[in-house]
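Here is the structure we will look at.
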Amino acid sequence: MTRIQKSSTLNFTQALTRLEEIVKKLENPELDLEEGLKLLEEGVRLHKQCEQILKSTQTKINEILKIEEVSSK
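Each residue of the sequence shown is one higher than the one before, counting from 9 in this note's numbering.
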């Protein structure tokens with residue numbers, strides 16, 4: 009993944025992978041303060057994106073289960 013790629017274009021797996029990369033970089037004690045801040049900001053955005061994807065997926069699952077429940081009656 010390039011750093012230019014916007015977080016909004018990432019799917020869940022890509023966003024999670026990028027978050028893991030960010031965590032590893034943030035754990036480096038030699039990390040420059042400004043770079044650390046940029047990584048933190050990106051990480052927060054990715055976290056929110058992953059949360060939204062998970063909520064949306066949960067909603068879809070619930071809808072499917074309701075449809076299945078109604079059709080099996």
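Backbone N, C-alpha and C fix where the C-beta goes; we use that ideal spot for every residue, glycine too. Since the model is a prediction, treat every value here as computed from it, not as a measurement.
| said: Can you tell me where the alpha helix (DSSP H) holding L39 begins and where it ends? | reply: One-based indexing of the sequence shown puts residue 39 at position 31. L39 -> no alpha helix (DSSP H), and no H or E assigned at all.
| field | Limits of the alpha helix (DSSP H) - the one that L27 falls within | value | In the sequence shown, the residue the question calls residue 27 occupies position 19. Note, L27: alpha helix (DSSP H), F20 to L34.
| field | C-beta contact flag for I75 and G51 at 8 Å | value | Taking the first residue of the sequence shown as position 1, residue 75 is located at position 67. Taking the first residue of the sequence shown as position 1, residue 51 is located at position 43. Not in contact: I75 and G51 (Cβ atoms no closer than 8 Å).
| field | Straight-line gap, R53 to K81 (C-alpha atoms, nearest Å) | value | Residue mapping note: residue 53 aligns to position 45 of the sequence shown, counting from 1. Residue mapping note: residue 81 aligns to position 73 of the sequence shown, counting from 1. The alpha-carbon atoms of R53 and K81 are separated by roughly 43 Å.
| task | Give me the Cα-Cα distance between E43 and E35, rounded to the nearest whole angstrom. | result | As a first step, residue 43 must be located in the sequence shown, where it is residue number 35. As a first step, residue 35 must be located in the sequence shown, where it is residue number 27. C-alpha separation (whole angstroms): 12 Å.
| task | Pull up the distance between the alpha-carbon of L73 and that of L27, whole angstroms please. | result | Position 65 of the sequence shown, counted from the first residue, corresponds to residue 73. Position 19 of the sequence shown, counted from the first residue, corresponds to residue 27. When rounded, the distance between both Cα atoms is 31 Å.
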